[in-house]
Amino acid sequence: MPKFIGLIGYPLKHSISPYFQQAALDYYHLDIRYEAWETGPQKLEAIIAKLRESRKLGANVTVPHKEAVLPLLDGIDDLANLIGAVNTIVRRDDKLLGFNTDADGFLQALHKEGHFEPEGKRAVILGAGGVAKAVCFALVQEKASSLIIVNRTPARARALADSLRSYIAKIGLKTEVTTLSWQSLTSGGTFGRCHLIINCTTIGMKYSPQEGQSPLSLAVIPSGVLVYDLVYNPCPTPLLLVAEKAGANTLDGLAMLVYQGAASFELWTGREPPLDIMLKRAREVIGGER
Ligand code: NAP
573 MPKFIGLIGY PLKHSISPYF QQAALDYYHL DIRYEAWETG PQKLEAIIAK
623 LRESRKLGAN VTVPHKEAVL PLLDGIDDLA NLIGAVNTIV RRDDKLLGFN
673 TDADGFLQAL HKEGHFEPEG KRAVILGAGG VAKAVCFALV QEKASSLIIV
723 NRTPARARAL ADSLRSYIAK IGLKTEVTTL SWQSLTSGGT FGRCHLIINC
773 TTIGMKYSPQ EGQSPLSLAV IPSGVLVYDL VYNPCPTPLL LVAEKAGANT
823 LDGLAMLVYQ GAASFELWTG REPPLDIMLK RAREVIGGER
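For the sequence shown, the numbering used here begins at 573 and goes up steadily by one.
And the structure:
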């Protein structure tokens with residue numbers, strides 16, 4: 573009798589996690605199926621309750637449930653608590669435990685695929701939503717020297733900056749955190765001294781209202797900076813194409829997607845994730861092979 577892991581979110585039509593997670597499970601010949609469980613907000617509580625069944629091992633959680641799921645779980649790991657979002661649920665005996673592997677996936681891809689060491693570096697973060705939070709806490713923990721957060725809705729950027737500053741003060745780190753207006757993205761001065769630019773918005777994402785758009789123009793991107801776009805479909809994104817033309821180094825979001833999924837895989841199965849197989853399958857699916 574197979575066991576099951578699910579992806580909980582809405583909509584899920586374009587998700588590629590089921591493909592590369594199944595490839596990893598099949599690599600180990602595990603009798604486990606990874607399925608997409610498309611779930612609207614009214615059905616969230618019911619689907620979480622079903623995770624307590626003995627044939628369920630856990631789930632990934634994606635937009636729009638990463639925050640709403642917290643009160644439905646029995647325990648939350650420290651990092652997920654700090655970020656305020658859960659993207660992985662593991663059933664251990666009769667307990668549902670919540671984790672956040674986005675921060676780990678972001679850093680693993682940055683180190684291993686981007687060959688970038690954040691300590692002492694200056695970063696500009698576009699966006700202040702769920703994934704931006706994970707990225708900012710990860711960069712603070714890695715001792716980045718400064719973060720500039722730029723978000724369309726200024727109050728959201730300020731709230732994230734405030735929670736980062738409290739955390740920095742509490743643990744005695746020195747990262748400087750500031751916010752800038754969305755309009756400042758049209759000025760080259762915003763990026764003059766930075767080493768890393770990260771797009772944590774949905775701009776450029778396939779099937780979104782901003783499909784085909786780049787949040788930054790060629791003129792503002794300094795050459796030599798690393799531009800990391802967390803949007804993974806299309807791959808490369810319009811931002812990465814512009815960044816290449818500007819002479820910047822680039823890193824796509826597909827690597828992070830696979831690394832965060834690999835960390836979840838390890839939590840569910842206790843096995844070392846077959847990263848090459850997962851990355852290959854993810855690139856095949858994004859390229860149109862299902
Ligand atoms: P979210 O919480 O909904 O946040 C969305 C962000 O995008 C907010 O900062 C929002 O600004 C901004 N935004 C949306 N439309 C905009 C527009 N037209 N102009 C300017 N800003 C706009 O979503 P999320 O979970 O953080 O995800 C953000 C992106 O990261 C998505 O594309 C997602 O696929 C990607 N992601 C990738 C990975 C990976 O592994 N590669 C993991 C997680 C997420 P406001 O605050 O003003 O609304």
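All C-beta atoms in this analysis are idealised placements derived from N, C-alpha and C, irrespective of residue type, glycine included. The model shown is predicted, which means the values in this text are computed figures rather than measured ones.
(request) Compare the beta carbon distance of Met-777 and Phe-678 with 8 Å and say whether it is the shorter of the two. (result) By one-based count along the sequence shown, residue 777 stands at place 205. By one-based count along the sequence shown, residue 678 stands at place 106. No, the pair does not count as a contact, with Cβ atoms beyond the cut-off.
(request) Tell me whether the beta-carbon of Phe-763 lies closer than 8 Å to the beta-carbon of Ile-793. (result) On the sequence shown, position 191 is the one that residue 763 refers to. On the sequence shown, position 221 is the one that residue 793 refers to. It is a contact, given that the beta carbons lie within the stated cut-off.
(request) Spell out the partners DSSP gives Tyr-606 in its beta bridges. (result) Position 34 of the sequence shown, counted from the first residue, corresponds to residue 606. DSSP lists Ile-577 as partners of Tyr-606.
(message) Quick check on Gly-699: does DSSP put it in helix, strand or coil?
(response) Here residue 699 refers to the residue found at position 127 of the sequence shown. Note: Gly-699 maps to coil in three-state DSSP.
(request) Using a threshold of 8 Å, state whether the C-beta atoms of Leu-623 and Ile-661 are closer than that. (result) Sequence index remark: in the sequence shown, residue 623 carries index 51 (1-based). Sequence index remark: in the sequence shown, residue 661 carries index 89 (1-based). Going by C-beta atoms, Leu-623 is nearer than 8 Å to Ile-661.
(request) Closer than 6 Å by C-beta to Pro-690: which residues in its own chain qualify, once you throw out the five before and the five after it? Chain order, please. (result) Position 118 of the sequence shown, counted from the first residue, corresponds to residue 690. Taken in chain order, the residues that qualify are Leu-711, Glu-714, Ala-716.
(request) Measure from the alpha carbon of Glu-625 to the alpha carbon of each residue in Pro-574, Arg-694, Thr-774, Ile-770, then state which is nearest. (result) Mapped onto the sequence shown, residue 625 falls at position 53. Out of Pro-574, Arg-694, Thr-774, Ile-770, Pro-574 has the C-alpha closest to the C-alpha of Glu-625.
(request) Measure how close the beta-carbons of Leu-579 and Thr-634 come, nearest whole angstrom, since I'm counting them as under 8 Å. (result) One-based indexing of the sequence shown puts residue 579 at position 7. One-based indexing of the sequence shown puts residue 634 at position 62. That belief holds up - the Cβ atoms of Leu-579 and Thr-634 are roughly 7 Å apart, short of 8 Å.
(request) Find out if the Cβ-Cβ distance for the pair Glu-610, Pro-590 is shorter than 8 Å. (result) Taking the first residue of the sequence shown as position 1, residue 610 is located at position 38. Taking the first residue of the sequence shown as position 1, residue 590 is located at position 18. No, the pair does not count as a contact, with Cβ atoms beyond the cut-off.
(message) For a test of your reading of the model: does the CB of Val-712 fall under 7 Å from any non-hydrogen atom of ligand 1? Yes or no.
(response) Here residue 712 refers to the residue found at position 140 of the sequence shown. For ligand 1, not one heavy atom lies less than 7 Å from the Cβ of Val-712.
(message) For Ala-854 and Gln-832, I'd like the C-alpha separation in whole angstroms.
(response) Here residue 854 refers to the residue found at position 282 when the sequence shown is read from its first residue. Here residue 832 refers to the residue found at position 260 when the sequence shown is read from its first residue. Looking at the two C-alpha atoms, the distance is approximately 13 Å.
(message) If distances are taken between C-alpha atoms only, which option among Gly-859, Ala-834, Gly-842, Val-703 comes closest to Val-593?
(response) Translated into the one-based positions of the sequence shown, residue 593 becomes position 21. Per the sequence shown, the amino acid found at residue 593 is Gln instead of Val. Closest by alpha carbon: Ala-834.
(message) Buried or exposed, going by whether 16 or more other CB atoms sit within 10 Å of the CB of Tyr-800?
(response) The residue you call residue 800 lines up with position 228 of the sequence shown. It counts as buried.
(request) Please list, following the chain, all residues that have a C-beta closer than 6 Å to any non-hydrogen atom of ligand 1. (result) Val-635, Asp-674, Gly-677, Gly-699, Ala-700, Gly-701, Gly-702, Val-703, Ala-704, Asn-723, Arg-724, Thr-725, Arg-728, Cys-772, Thr-773, Thr-774, Ile-775, Met-777, Gln-782, Leu-802, Val-803, Tyr-804, Gly-825, Met-828, Leu-829, Gln-832
(request) State buried or exposed for Tyr-600, treating a residue as buried only when at least 16 other CB atoms are found within 10 Å of its CB. (result) For the purposes of this step, residue 600 is identified with residue 28 of the sequence shown, where counting begins at 1. Per the 10 Å Cβ criterion, exposed.
(message) Pull the bridge partners of Gly-670 from the DSSP assignment, please.
(response) Position 98 of the sequence shown holds residue 670. DSSP output for Gly-670 lists Ile-648, Ile-661 as bridge partner(s).
(request) From the DSSP output, in three-state form, read off Gly-825 for me. (result) What you label residue 825 is simply residue 253 of the sequence shown in a count that begins at 1. It is helical.
(request) Note down, in chain order, each residue of its chain lying with its Cβ closer than 7 Å to the Cβ of Ser-753, except the 5 sequence neighbours on either side. (result) For the purposes of this step, residue 753 is taken as residue 181 along the sequence shown, with counting starting at 1. The answer, listed in chain order, is Pro-726.
(message) Please report the distance separating the alpha-carbon of Leu-768 from that of Gln-614.
(response) Counting from one through the sequence shown, the residue named residue 768 turns up at place 196. Counting from one through the sequence shown, the residue named residue 614 turns up at place 42. Spanning the two alpha carbons is a distance of roughly 39 Å.
(message) Which of the three DSSP states is assigned to Leu-745 in this structure?
(response) Translated into positions along the sequence shown, residue 745 becomes position 173. It is coil, neither helix nor strand.
(request) Assuming Leu-790 contacts Lys-817 (C-beta within less than 8 Å), just tell me the rounded distance between them. (result) Within the sequence shown, the letter at position 218 stands for residue 790. Within the sequence shown, the letter at position 245 stands for residue 817. Correct: roughly 6 Å between the Cβ atoms.
(request) Give the straight-line distance between the Cα atoms of Ala-640 and Lys-705, rounded to the nearest whole angstrom. (result) To locate residue 640, count along the sequence shown from 1; it is residue 68. To locate residue 705, count along the sequence shown from 1; it is residue 133. Taking the straight line from one Cα to the other gives about 15 Å.
(message) Counting C-beta neighbours from all protein chains within 10 Å, is the total for Asp-666 16 or more, i.e. buried, or is it exposed?
(response) As a first step, residue 666 must be located in the sequence shown, where it is residue number 94. Flag for Asp-666 reads exposed.
(request) Pull up the CB-CB distance for Phe-864 and Ile-620, whole angstroms please, since I reckon it's below 8 Å. (result) Any question about residue 864 goes unanswered here, given that the chain covers just 573 to 862.
(request) Assign Tyr-779 to one of two classes, buried (16 or more other C-beta atoms within 10 Å of its C-beta) or exposed (fewer than that). (result) On the sequence shown, residue 779 is found 207 positions in, with the first residue counted as 1. Answer is exposed; the Cβ neighbour count stays below 16.
(message) Less than 7 Å between C-beta atoms, sequence neighbours within five positions excluded: which residues of the same chain meet that for Lys-693?
(response) Looking up residue 693 in the sequence shown gives position 121. Cβ neighbours of Lys-693 beyond the five flanking positions: Ala-716, Ser-717, His-767, Leu-768.
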